[in-house]
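Undergrad: Line by line, the protein sequences are chains A and B. Once you know that position 128 of the first sequence is 128 in full-length UniProt numbering, the rest is easy, because the numbers rise by one and skip nothing. Once you know that position 84 of the second sequence is 84 in full-length UniProt numbering, the rest is easy, because the numbers rise by one and skip nothing. We put the CB at the ideal spot given by N, CA and C, even for glycine. Before I ask anything, let me first share the structure, which is written out below as structure tokens.
Number of protein chains: 2
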Amino acid sequence: MLELERPDTLVQRVVNSIREEIASGRLLAESRLPTEHQLAEQLNVSRSVIREAVSQLKADGILISRRGFGSYISKTPAGTVFRLPSKNGHTLDLAQLFEMRLWIEAQAAGIAASRRNAADLRRMEKALEVMAANASDFDLSAAADVEFHRAIAAACRNEYFLAFHDFLGSQLTAARRTAWENSAALRGGSMDAQNEHRELFAAIALGDPETAAKCAERHLQASAGRLGMVLPNSVYHRSQD
Amino acid sequence: MLELERPDTLVQRVVNSIREEIASGRLLAESRLPTEHQLAEQLNVSRSVIREAVSQLKADGILISRRGFGSYISKTPAGTVFRLPSKNGHTLDLAQLFEMRLWIEAQAAGIAASRRNAADLRRMEKALEVMAANASDFDLSAAADVEFHRAIAAACRNEYFLAFHDFLGSQLTAARRTAWENSAALRGGSMDAQNEHRELFAAIALGDPETAAKCAERHLQASAGRLGMVLPNSVYHRSQD
DNA sequence: AAAGATCAGGTTGTCTGACATTATTGATGC
DNA sequence: GCATCAATAATGTCAGACAACCTGATCTTT
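Below, the structure is given as structure tokens:
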């Protein structure tokens with residue numbers, strides 16, 4: 001099935017153009033941007049287009065504008081948002097994304113093992129119970145699975161880390177949905193998953209970071225297998241070269 | 001020194017408004033947005049304001065619009081960009097940010113130890129040499145330091161992970177610049193840092209993930225100390241509770 | 001009756017021009 | 001020298017228009 005790709009809108013082209021000016025160093029940090037009128041004339045587009053483009057760059061923290069004064073490049077021209085780099089434009093590399101999540105999740109498990117308090121453990125255990133009680137209900141048990149892993153990330157007590165964990169999760173489920181619509185592959189191995197969860201939980205409860213991290217890694221690796229994904233080699237148990 | 005709080009621009013308020021509408025579930029995924037004319041009338045602003053707001057949300061992957069048809073909520077209403085959550089609006093928690101970087105860097109070191117190839121090792125070594133040769137030149141040695149850690153992250157062979165590593169680095173240097181303008185505190189401990197780097201490099205070259213991760217963690221912890229930062233307790237060497 | 005062509009209405013994309021609000025700057029007066 | 005004030009200019013917002021395009025209904029042809 002073929003897809004027709006369309007030319008970029010003017011706004012998109014202006015955004016790319018300004019981004020490149022900055023990346024190439026022709027526009028330096030904290031230097032002033034030409035006025036919107038000038039930009040409109042230089043690029044031969046209307047001021048509305050310029051304003052929409054600048055509006056996007058402002059939202060990314062790349063530009064700053066002050067009414068009555070003008071717009072200038074931010075002190076941090078790299079911006080304040082993180083976008084997953086996508087080469088061709090749309091498709092994400094599911095395997096690499098999952099691999100990164102595996103690493104984050106493993107690190108989270110290790111840290112959680114040394115920082116978790118009683119409330120964290122209760123929250124994890126509760127999620128496990130819900131998962132066990134609703135093993136037949138896919139939506140419920142999937143939600144409990146997310147909650148279990150989220151409780152682990154939350155036990156690290158770092159809001160940025162937690163936010164990034166959530167971000168990866170949402171990106172992954174979204175990408176998976178668009179890739180294969182059949183996530184039913186999970187159903188088969190739910191018993192194994194439950195055991196892996198229990199192991200992981202035990203290591204965290206015991207306060208054993210190394211074991212927790214390894215349990216998490218094994219669990220995620222197994223999950224990938226259940227989803228039919230092929231990851232690069234394992235991190236810790238790989239043959240030496 | 002006090003700061004004058006200004007009311008948000010109309011565009012910003014519209015953006016927040018639509019975001020909230022989605023977060024609260026009043027606007028469902030894949031459902032259509034009112035037309036720009038309707039939105040303008042409902043919110044009592046001009047269409048230009050609506051267009052700028054929608055433009056931002058499109059850039060974040062929250063909205064999608066098709067000419068002649070309309071705009072609708074994306075399948076992934078969480079968006080495709082990651083923003084560091086900032087409560088009050090501007091200041092980031094430097095300690096938490098640094099802590100997260102420490103974790104990422106430690107994980108990167110461990111993975112790199114099992115994935116690095118000859119070219120990776122050469123790249124790291126080269127960075128170390130540059131750093132040693134220009135110990136007195138702050139800018140040069142700082143750049144080499146960045147390059148060293150970047151080579152480690154690159155050796156993990158995961159472009160998303162590398163991109164996130166870079167993002168954290170840029171955010172951190174930016175935040176540090178605005179916090180204290182004097183990063184001269186680094187100068188004193190450059191000899192220690194050099195030793196830590198050598199240790200870390202040796203572990204990676206040897207292919208010992210656990211040691212590499214621990215070296216990286218110690219190094220970053222020491223760096224934090226040299227910067228006068230107070231981090232939460234270490235992950236692995238913390239007293240049991 | 002079914003398939004294709006045409007048309008009408010609506011929506012986003014872009015352009016134009018205007019006014020409001022705010023910051024900079026230089027002249028003025030003392 | 002210093003405060004005041006007008007002139008200038010930039011962004012923020014508004015209003016209206018046309019272009020390009022999509023959808024669905026109607027009309028035409030087979």
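Cα separation between B:Phe164 and B:Glu20?
TA: The alpha-carbon atoms of B:Phe164 and B:Glu20 are separated by roughly 27 Å.
Undergrad: Shorter than 7 Å from the beta carbon of A:Thr76 to some beta carbon of chain B?
TA: True, the Cβ-Cβ gap to chain B drops below 7 Å.
Undergrad: For B:Ile50, which residues in the same chain have their Cβ closer than 6 Å to its Cβ, ignoring the five residues on either side in sequence?
TA: Hits under 6 Å: Glu36, Leu39 and Ala40.
Undergrad: What residues from chain A crowd round B:Leu211, counting only those whose CB sits closer than 8 Å?
TA: Contrary to the premise, residue 211 of chain B reads as Thr rather than Leu in this sequence. Chain A residues near B:Thr211: none, gap ~12 Å exceeds 8 Å.
Undergrad: For A:Leu97, which residues in the same chain have their Cβ closer than 7 Å to its Cβ, ignoring the five residues on either side in sequence?
TA: Cβ within range, chain order: Gln171, Leu172 and Ala175.
Undergrad: Buried or exposed for B:Glu196, please, with buried defined as at least 16 other CB atoms from any protein chain shown within 10 angstroms of its CB.
TA: With 16 or more other Cβ atoms within 10 Å, it is buried.
Undergrad: Compute the beta-carbon to beta-carbon distance between B:Ala127 and B:Phe161, rounded to the nearest angstrom, for a pair I have assumed lies under 8 Å.
TA: In fact, because the Cβ distance is near 19 Å, the residues do not count as touching under 8 Å.
Undergrad: The ligand SAM heavy atoms versus the CB of B:Ala53: any closer than 6 Å?
TA: Absent from the structure shown: the ligand SAM. Ligands present: none.
Undergrad: Specify, as a first and last residue, the run of the alpha helix (DSSP H) that B:Leu43 falls within.
TA: Unbroken alpha helix (DSSP H) run through B:Leu43: Glu36 to Leu43.
Undergrad: Using a C-beta to C-beta distance shorter than 9 Å, which residues of chain B count as neighbours of A:Ile163?
TA: One detail in the question is off: residue 163 of chain A reads as Ala in this sequence, not Ile. Those within 9 Å of A:Ala163 in chain B are Phe82, Arg83, Leu84 and Pro85.
Undergrad: Could you tell me how far apart the beta carbons of B:Ser143 and B:Asp192 are, in whole angstroms, since I believe they sit closer than 8 Å?
TA: Note that residue 143 of chain B corresponds to Ala in the displayed sequence, not to Ser. Between B:Asp192 and B:Ala143 the Cβ distance is about 19 Å, and since that is not below 8 Å, they are no contact.
Undergrad: Just the Cα atoms here: how many angstroms apart are B:Tyr236 and A:Ser114?
TA: Only weak support exists for where B:Tyr236 lies, its pLDDT of 49 falling under 50; the coordinates are left without a value.
Undergrad: When you compare the CB of A:Tyr72 with every CB in chain B, is at least one pair closer than 7 Å?
TA: So no, A:Tyr72 is outside the interface.
Undergrad: Return the Cβ separation of B:Ala155 and B:Asp120 in integer angstroms, given the expectation that the two are a contact with Cβ distance under 8 Å.
TA: Confirmed, about 4 Å.
Undergrad: Using 7 Å as the limit for Cβ to Cβ distance, is A:Glu99 near chain B?
TA: Yes, because at least one Cβ of chain B sits closer than 7 Å to the Cβ of A:Glu99.
Undergrad: Would B:Pro167 pass as an interface residue toward chain A - the criterion being a Cβ-Cβ separation below 7 Å?
TA: Checking the sequence, you will find Phe at residue 167 of chain B rather than Pro. Chain A contact via Cβ: present.
Undergrad: Give a yes or no on whether the minimum CB-CB distance between A:Leu10 and chain B is below 7 Å.
TA: Chain B, which has no Cβ nearer than 7 Å to the Cβ of A:Leu10, makes this no.
Undergrad: Checking 7 Å against the spacing of the C-beta atoms, do A:Ala109 and A:Ile152 come in under that value?
TA: Their beta carbons are under 7 Å apart, which means A:Ala109 touches A:Ile152 by this criterion.
Undergrad: Using the beta-carbon of each residue, which ones in chain B are nearer than 7 Å to A:Asn158?
TA: Residues of chain B passing the Cβ test: Gln96, Glu99 and Met100.
Undergrad: Of all Cβ atoms in chain B, is any one closer than 7 Å to the Cβ of A:Ser170?
TA: True, the Cβ-Cβ gap to chain B drops below 7 Å.
Undergrad: Using a cut-off of 7 Å between C-beta atoms, extract the partners of B:Ala59 located in chain A.
TA: Here the neighbours are Gln56 and Ala59.
Undergrad: Exposed or buried, which one is B:Phe69 when buried takes at least 16 other CB atoms within 10 Å?
TA: When all chains shown are included, B:Phe69 counts as exposed.
Undergrad: With a floor of 3 residues, list each beta strand (DSSP E) that falls wholly inside the UniProt domain "HTH gntR-type" (8–76) of chain A, ordered by position along the chain.
TA: DSSP runs (the beta strand (DSSP E)) wholly in the UniProt domain "HTH gntR-type" (8–76) of chain A: 63–66 and 70–73.
Undergrad: For a contact defined as C-beta to C-beta under 9 Å, what are the partners of B:Pro232 on chain A?
TA: Within 9 Å Cβ-Cβ: Arg115, Arg157 and Asn158.
Undergrad: For A:Arg157, which of helix, strand or coil comes out of DSSP?
TA: Note: A:Arg157 maps to coil in three-state DSSP.
Undergrad: If you count every other CB in all the chains shown that lies within 10 Å of the CB of B:Ser55, and 16 or more means buried, which is it?
TA: It is buried - the Cβ of B:Ser55 has at least 16 other Cβ atoms within 10 Å.
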